[in-house]
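>
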């Protein structure tokens with residue numbers, strides 16, 4: 085049968101993302117905007133952004149800009165959203181960005197009842213090594229603990245003056261004291277590098293983090309006393325659930341692979357995933373598989389296969405019916421366990437590296 | 085004429101305070117609860133409180149407790165509300181309390197656009213010397229800057245989990261992001277000393293600060309992970325405006341004496357104040373003055389005359405009509421300018437004292 089080469093990276097979930105772009109006034113992402121697009125950019129997993137041209141210009145003209153992300157050091161697993169963020173950070177890091185990673189220990193202590201000491205320990209022993217294993221270059225990265233960064237807290241206080249409760253509700257859907265403090269502190273984090281050097285910055289986020297970007301941009305527009313650049317953002321799609329929903333969810337463990345995760349468990353989860361295979365082998369050979377509906381192909385595409393040629397070959401084999409659902413699952417399980425093994429090894433190596441933490445004066 | 089000796093400290097404004105006590109469920113203050121009541125306690129200017137017995141017991145049994153207050157280092161004037169708070173702090177300081185004074189520099193920077201550096205300078209050059217001139221014992225006082233105190237910020241984050249927006253609105257009448265961050269940080273300040281040593285504490289406040297006490301008490305009731313004592317509070321009436329309104333207001337400068345204030349200006353303001361004098365001298369001699377309606381007598385009673393006997397004598401003279409409105413104003417102006425002169429001198433001396441600031445580790 086003829087193989088459809090138009091949009092080989094398409095997915096049944098495309099519609100949702102088009103709606104998101106329209107609803108929140110995002111820019112469509114076009115990989116031509118940046119040099120040497122990475123896998124996520126090339127494959128349409130990066131799908132939207134805000135003020136991307138400002139960052140493209142910095143890259144082109146070799147002007148200073150920053151990329152920033154953070155994590156909450158609570159449990160000892162990451163998810164594919166974290167992995168994508170790290171890969172995006174790495175992309176900009178490789179293209180001249182000053183890189184900031186913040187440890188959201190204040191939020192961890194408030195929301196998840198993890199003490200600052202415990203949060204610090206977990207960040208150093210798990211999250212940061214995992215981020216490095218996922219691709220972060222520690223030599224080019226500046227880290228800080230939110231709880232130590234008075235400038236961030238001061239920014240949060242100042243920003244609280246710039247936004248009404250009604251505006252907050254319009255952005256977040258709801259408003260409660262905890263959400264408000266947390267969001268304003270995140271705005272402080274997002275703009276903090278600009279206190280050190282006035283420069284544009286880009287924040288790689290998942291779709292559900294876009295409200296923080298909108299809030300921060302609204303705040304910047306109203307902050308006359310300090311001239312901040314509007315933060316740029318770049319957004320990845322979710323890694324869909326193994327059952328075909330928009331995103332993996334911890335509340336359904338069978339839908340979700342954690343990073344790292346046990347080989348036996350990860351194999352079992354992949355074997356039980358929704359594939360684009362037909363009801364019978366005969367039918368599969370005759371009609372071909374449906375990679376667009378296959379959550380296992382989605383994993384290969386988003387995370388497990390770097391080479392576009394290799395991925396195209398699998399797509400063709402599967403689409404033509406020569407490769408069965410069982411075979412693509414076996415392939416994905418092999419790739420995934422190899423990935424996990426390498427991640428665990430790299431984390432061990434990363435644990436002893438020297439890191440650049442900002443030290444704050446009293 | 086007969087002099088009314090029942091409630092010589094009464095004022096036309098009593099009704100308002102009875103309503104406040106009822107509305108907010110305060111305890112009536114009875115000076116018998118504490119040993120050696122100070123002037124403000126003896127004269128009914130301290131009128132209400134919360135959980136006062138807990139503090140009375142600490143004093144009686146010589147158990148540890150703390151008194152805490154703070155100020156925002158913005159402009160270079162204080163008001164009579166600050167003076168009363170300092171006098172209340174001094175009372176507890178003299179009766180065994182650990183004393184904490186916080187410099188609300190974070191709020192000053194957010195709300196009043198005073199940089200942290202500027203706020204620090206003003207606190208050290210004006211506000212703290214003024215507090216010492218008004219009676220604070222610096223040798224027994226621990227100071228801290230809000231912006232340096234991570235524990236307070238962490239408490240604020242944690243407390244944000246304990247309160248809904250609706251509850252916040254019920255306490256404060258309205259809720260906006262700025263008010264919420266500021267109030268939660270104040271709750272952090274109020275309870276901070278209990279992180280260092282678990283002990284009861286009392287916060288001297290003006291009536292308008294009671295919402296912070298209520299919020300903090302609600303939060304304590306919901307905070308299981310750290311066992312805080314419910315903070316006690318003690319409340320002074322306002323110093324009424326020179327025109328007879330409930331309180332002095334900066335927006336009406338003629339109603340309001342600042343600390344310190346220029347001799348010539350203060351004299352003029354007192355001369356123009358509402359007195360309890362009659363329309364004509366003849367009438368005044370015949371009917372007697374009305375000290376209960378006299379804002380000048382109120383100043384003498386609240387602030388300028390320490391001796392109860394001396395105040396009683398003035399009351400009698402005025403009530404009987406022997407002392408005229410002009411004379412009581414002259415007397416008050418003399419006392420006030422003497423007070424201001426001493427305050428300015430004491431501030432100069434205080435400016436060079438060594439202070440106990442908490443130093444925070446990074």
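Chains as they are written, first to last, in this note's numbering: chain A, 85 to 446; chain B, 85 to 446. Ideal placement from N, C-alpha and C gives every residue a C-beta, glycine not left out. All values reported here derive from a predicted model rather than from experimental measurement.
Beta-carbon within less than 8 Å of residue 141/A's beta-carbon, same chain only, minus the 5 sequence neighbours each way: which residues are those?
As a working mapping, residue 141/A is identified with position 57 in the first chain. Cβ neighbours of residue 141/A beyond the five flanking positions: 147.
> Could you check how far apart the C-beta atoms of residue 187/A and residue 227/A are, in whole angstroms? I think they sit under 8 Å.
Counting from 1 along the first chain, the entry for residue 187/A is found at position 103. Counting from 1 along the first chain, the entry for residue 227/A is found at position 143. Yes, they are in contact, since the Cβ atoms of residue 187/A and residue 227/A sit about 7 Å apart, within 8 Å.
> Which residues of chain A have a Cβ atom closer than 7 Å to the Cβ of residue 121/B, listed in chain order?
Numbered from its first residue, the second chain carries residue 121/B at position 37. The premise fails here: residue 121/B is roughly 38 Å from chain A at the closest Cβ pair, so nothing lies under 7 Å.
> Show which residues of chain A have a CB atom less than 7 Å away from the CB atom of residue 260/B.
Working through the second chain from its first residue, we reach residue 260/B at position 176. Ordered by position in chain A, the residues that pass the 7 Å Cβ test against residue 260/B are 248 and 249.
> For residue 264/A, which residues in chain B fall below 8 Å Cβ to Cβ?
Taking the first chain and counting its residues from 1, one reaches residue 264/A at position 180. Chain B residues near residue 264/A: 244, 261, 264 and 265.
> Pull up the DSSP beta-bridge partners for residue 440/A, would you.
For this step, residue 440/A is matched to residue 356 along the first chain. Answer is 226/A, bridged to residue 440/A.
> Mapping DSSP to helix, strand and coil, what is residue 425/B?
Translated into positions along the second chain, residue 425/B becomes position 341. Looking at residue 425/B - three-state DSSP - the assignment turns out to be helix.
> Can you list the residues of chain A that residue 238/B reaches, using a CB-CB cut of under 8 Å?
The count along the second chain starts at 1 and reaches residue 238/B at position 154. In chain order: 190, 193, 194, 200 and 231.
> Do the CB positions of residue 123/B and residue 115/B come within less than 8 Å of each other?
For the purposes of this step, residue 123/B is identified with residue 39 of the second chain, where counting begins at 1. For the purposes of this step, residue 115/B is identified with residue 31 of the second chain, where counting begins at 1. No; because the gap between Cβ atoms is not below 8 Å, this pair is not in contact.
> List the residues of chain A that residue 234/B touches, going by C-beta distances under 9 Å, in chain order.
Residue numbering aside, residue 234/B sits at position 150 when the second chain is read from its first letter. Near residue 234/B (Cβ distances below 9 Å), the residues of chain A are 190, 200, 231, 232, 234 and 237.
> Please list the segments of the beta strand (DSSP E) lying wholly inside the segment 229-291 of chain B, counting only runs of 3 or more residues, in order along the chain.
The segment 229-291 of chain B contains these whole beta strand (DSSP E) runs: 285-290.
> Count the other CB atoms, across all protein chains shown, that sit within 10 Å of the CB of residue 349/A; report buried if there are 16 or more and exposed otherwise.
Counted from its first residue, the first chain places residue 349/A at position 265. Exposed: under 16 other Cβ atoms inside 10 Å.
> Write down every uninterrupted run of the beta strand (DSSP E) in the segment 105-193 of chain B whose length is 3 residues or greater and which is fully enclosed by it, in chain order.
List check, beta strand (DSSP E) in window: 130-134, 150-155 and 182-187.
> Measuring alpha carbon to alpha carbon, tell me which of 346/B, 240/B and 288/B ends up nearest residue 315/B.
Position 231 of the second chain, counting from 1, holds the residue named residue 315/B. Cα-wise, what sits closest to residue 315/B is 288/B.
> Cα separation between residue 285/A and residue 110/B?
Position 201 of the first chain holds residue 285/A. Position 26 of the second chain holds residue 110/B. When rounded, the distance between both Cα atoms is 52 Å.
> Got a sec, what are the start and stop residues for the alpha helix (DSSP H) residue 404/B sits in?
Taking the second chain and counting its residues from 1, one reaches residue 404/B at position 320. Per DSSP, residue 404/B belongs to the alpha helix (DSSP H) from 392-404.
> Using a Cβ-Cβ cut-off of 7 Å (strictly less than) and excluding sequence neighbours within five positions of residue 423/B, which residues of its own chain qualify?
To locate residue 423/B, count along the second chain from 1; it is residue 339. Answer for residue 423/B: 388, listed in chain order.
> Determine which residues of the segment 296-315 of chain B have a Cβ less than 9 Å from any Cβ of chain A, and write them out in chain order.
Those residues of the segment 296-315 of chain B that come within reach of chain A (Cβ to Cβ, closer than 9 Å) are 309.
> Would you call the CB atoms of residue 335/A and residue 327/A closer than 8 Å?
By 1-based counting over the first chain, the position of residue 335/A is 251. By 1-based counting over the first chain, the position of residue 327/A is 243. In this structure, residue 327/A does not lie closer than 8 Å to residue 335/A by Cβ.
> Counting only beta-carbon atoms, is residue 252/A nearer than 8 Å to chain B?
Taking the first residue of the first chain as 1, we reach residue 252/A at position 168. By this cut-off, residue 252/A is an interface position.
> From residue 159/B to residue 166/B, what does the alpha carbon distance come to, in whole angstroms?
Taking the second chain and counting its residues from 1, one reaches residue 159/B at position 75. Taking the second chain and counting its residues from 1, one reaches residue 166/B at position 82. Cα to Cα, the separation comes out at about 13 Å.
> So for residue 318/B, helix, strand or coil by DSSP?
Residue 318/B sits at position 234 when you count from the first residue of the second chain. If DSSP states are grouped into helix, strand and coil, residue 318/B belongs with the strands.
> Cα separation between residue 297/B and residue 444/B?
As a working note, residue 297/B is residue 213 in the second chain. As a working note, residue 444/B is residue 360 in the second chain. Cα to Cα, the separation comes out at about 26 Å.
> Going by the CB atoms, is the gap between residue 416/A and residue 341/A shorter than 8 Å?
Position 257 of the first chain, counting from 1, holds the residue named residue 341/A. Position 332 of the first chain, counting from 1, holds the residue named residue 416/A. Cβ atoms of residue 341/A and residue 416/A: not closer than 8 Å.
> Within a Cβ cutoff of 7 Å, which residues of the same chain sit near residue 358/A, ignoring the five residues on either side of it in sequence?
Translated into positions along the first chain, residue 358/A becomes position 274. Counting only Cβ-Cβ distances below 7 Å, and skipping sequence neighbours, we find 326, 327, 328 and 379.
> At 7 Å on the CB atoms, spell out the chain B contacts of residue 197/A, in chain order.
As a working mapping, residue 197/A is identified with position 113 in the first chain. In chain order: 309.
> With distances taken Cα to Cα, identify the nearest neighbour of residue 151/A among 273/A, 294/A, 302/A and 190/A.
Taking the first residue of the first chain as position 1, residue 151/A is located at position 67. The residue with the shortest Cα to Cα distance from residue 151/A is 273/A.
> By the criterion of Cβ-Cβ separation under 8 Å, what are the contact partners of residue 227/A in chain B?
Working through the first chain from its first residue, we reach residue 227/A at position 143. Per Cβ cutoff of 8 Å: no residues; residue 227/A is ~14 Å from chain B at best.
> Using only the alpha-carbon positions, how far apart do residue 254/B and residue 294/B sit?
Residue numbering aside, residue 254/B sits at position 170 when the second chain is read from its first letter. Residue numbering aside, residue 294/B sits at position 210 when the second chain is read from its first letter. Distance between the alpha carbons of residue 254/B and residue 294/B: 13 Å.
> If you measure from the beta carbon of residue 241/A to each beta carbon in chain B, is any gap under 8 Å?
For the purposes of this step, residue 241/A is taken as residue 157 along the first chain, with counting starting at 1. Chain B contact via Cβ: present.
> In this structure, how does DSSP classify residue 412/A when only helix, strand and coil are distinguished?
Your numbering for residue 412/A matches position 328 in the first chain. Here residue 412/A sits in helix by DSSP.
> According to the neighbour-count rule (16 or more other Cβ atoms, all chains shown, within 10 Å of its Cβ), is residue 223/B buried or exposed?
Counting from one through the second chain, the residue named residue 223/B turns up at place 139. So residue 223/B ends up on the exposed side.
> Quick check: the Cα distance between residue 85/A and residue 366/A, rounded to an integer number of angstroms?
Position 1 of the first chain, counted from the start, is the residue given in the question as residue 85/A. Position 282 of the first chain, counted from the start, is the residue given in the question as residue 366/A. Because residue 85/A carries a pLDDT of 34, less than 50, the predicted location of this residue cannot be relied on, and no value is offered for it.
> Around the C-beta of residue 432/A, are 16 or more other C-beta atoms found within 10 angstroms, so that it is buried, or is it exposed?
The count along the first chain starts at 1 and reaches residue 432/A at position 348. Residue 432/A comes out exposed.
> List the DSSP bridge partners of residue 343/B.
Stepping through the second chain from its first residue, residue 343/B is reached at position 259. The partner list for residue 343/B (beta bridge, DSSP) reads 162/B.
> Residue 261/A: buried (16+ other C-beta within 10 angstroms of its C-beta) or exposed?
Taking the first residue of the first chain as position 1, residue 261/A is located at position 177. It is buried - the Cβ of residue 261/A has at least 16 other Cβ atoms within 10 Å.
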